[in-house]
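Asker: In our numbering, the protein residues as written are 4 to 229.
Using N, Cα and C, we set each Cβ at its ideal position, and we do this for glycine too.
Just so we're clear, the structure is a prediction, and the values are computed from it rather than from any experiment.
Quick one: this structure, given as C-alpha cells, is what I'll be asking you about.
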C-alpha cells in the first residue's frame, strides 16, 4: 500500500528595517551648526573627522567645518530613538544650517481644511548683481522657478555670460540644488573674473542650458534686480 505524505510548513515573515533617511546639513567655516533632538545622543559616528568637528551637548550635537570645502556622512545614535543619518557639506558659498530641531509631530485630533497648493509659473529672474571695481569681479545671483508641469534640470557647469558673441566662463558658481523640482524655486550665484563687459551690463546675456531642451534659458541684461 502506498501512502501520500503531505508536509505543511508554516509561513515565515521576516521584517526588514529600512535605513534612516539622510538629512542634509550645510556648513561654512567659522560658523557652528546645532542639531537638537528629543532624546540624548549616545554616540556620534562621522566619516571625515579631519574636515568636521562634532561635539555632544546635552540633547544637541554641535558641528563645525574645519576646512572650506568638504563632505561626509554622520550617524547619531540615541538611547531610545532610532539612529539618524546626516550628510554634511561645507562650502565658502553655502548658507549654513545654523539650527535645526527634530521633534515628533503628534497627529491632530481635528483635521484642518486642506490648503490649496500654490502653483508657480516657470520663470528666471535676477536677484542681485554686483560689479567689484577693485578686483574686477562681476557677481550675478538668479532664481529659477519651475511650474507644476515639469522638473527643470539646469546644466550649471555650462552656464555662460555672453557679450558681443563672446562666451565668458564663470570663475566660481554655486546653486542651492542641482535640479528644480515642480512648483519650487532654486537660487544660483555666478562670479565672473575680469569679464570685460559694460558696467551697466548693456547687451549682456546669461545663458543657462537645460537637460532635455534644445533652447536654453536666456536672461537678457540690463535688468533691475527685484
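Going by DSSP, what residues sit across from residue 155 in a beta bridge?
Answerer: Residue 155 pairs with 183.
Asker: Cα-Cα, which of 89, 149, 163 is closest to residue 172?
Answerer: Comparing Cα positions, the closest option is 163.
Asker: Tell me the DSSP bridge mates of residue 122?
Answerer: In the DSSP output, where bridge partners are listed per residue, residue 122 has none listed.
Asker: Measuring CA to CA, which of 27, 176, 177 is closest to residue 103?
Answerer: Among 27, 176, 177, the Cα nearest to that of residue 103 is on 27.
Asker: Helix or strand or just coil, what does DSSP make of residue 204?
Answerer: Coil.
Asker: List the endpoints of the continuous beta strand (DSSP E) containing residue 93.
Answerer: Its beta strand (DSSP E) spans residues 87-93.
Asker: Between 151, 175, 133, which lies nearest to residue 201 when the distance is taken from Cα to Cα?
Answerer: Selected option, being the one with the closest Cα: 133.
Asker: Between 144, 182, 150, 194, which has its C-alpha nearest residue 222's C-alpha?
Answerer: Nearest of 144, 182, 150, 194 to residue 222, Cα basis: 144.
Asker: For residue 87, count neighbouring Cβ atoms within 10 angstroms of its own Cβ and tell me buried if that reaches 16, exposed if not.
Answerer: Classification for residue 87: buried.
Asker: Determine the DSSP secondary structure at residue 76, reduced to helix, strand or coil.
Answerer: Note: residue 76 maps to strand in three-state DSSP.
Asker: Report, in whole angstroms, the separation of the C-beta atoms of residue 91 and residue 55, which I expect to be a contact under 8 angstroms.
Answerer: Indeed, because the Cβ distance is near 6 angstroms, the residues count as touching under 8 angstroms.
Asker: Check the C-beta distance from residue 45 over to residue 80 and give it rounded, since I have them as a contact under 8 angstroms.
Answerer: Indeed, because the Cβ distance is near 5 angstroms, the residues count as touching under 8 angstroms.
Asker: Who are residue 135's beta bridge partners in DSSP?
Answerer: Answer is 140.
Asker: Since I believe residue 35 is in contact with residue 65 (beta carbons under 8 angstroms), could you give me their beta-carbon distance rounded to a whole number of angstroms?
Answerer: That pair is a contact at about 6 angstroms.
Asker: Is the beta carbon of residue 93 less than 7 angstroms from the beta carbon of residue 68?
Answerer: Yes, the Cβ-Cβ distance between residue 93 and residue 68 is below 7 angstroms.
Asker: Which one or two residues does DSSP pair with residue 166 in a beta bridge?
Answerer: Bridge partners of residue 166: 169, 207.
Asker: How is residue 69 classed by DSSP in three states: helix, strand or coil?
Answerer: Note: residue 69 maps to coil in three-state DSSP.
Asker: Look at residue 159 and residue 178 and say whether their C-beta atoms are less than 7 angstroms apart.
Answerer: Contact: yes.
Asker: Classify residue 152: buried if its beta carbon has 16 or more other beta carbons within 10 angstroms, exposed otherwise.
Answerer: Counting Cβ neighbours within 10 Å, residue 152 comes out exposed, since fewer than 16 surround it.
Asker: Less than 7 angstroms separating the beta-carbons of residue 75 and residue 42?
Answerer: It is not a contact, given that the beta carbons lie outside the stated cut-off.
Asker: Going straight from the alpha carbon of residue 2 to that of residue 63, what length do you get?
Answerer: Because the chain in this structure spans residues 4 to 229, residue 2 falls outside the shown range and cannot be described.
Asker: Measuring alpha carbon to alpha carbon, tell me which residue in 213, 25, 209, 31 is nearest residue 141.
Answerer: Ranking 213, 25, 209, 31 by Cα distance to residue 141 puts 209 first.
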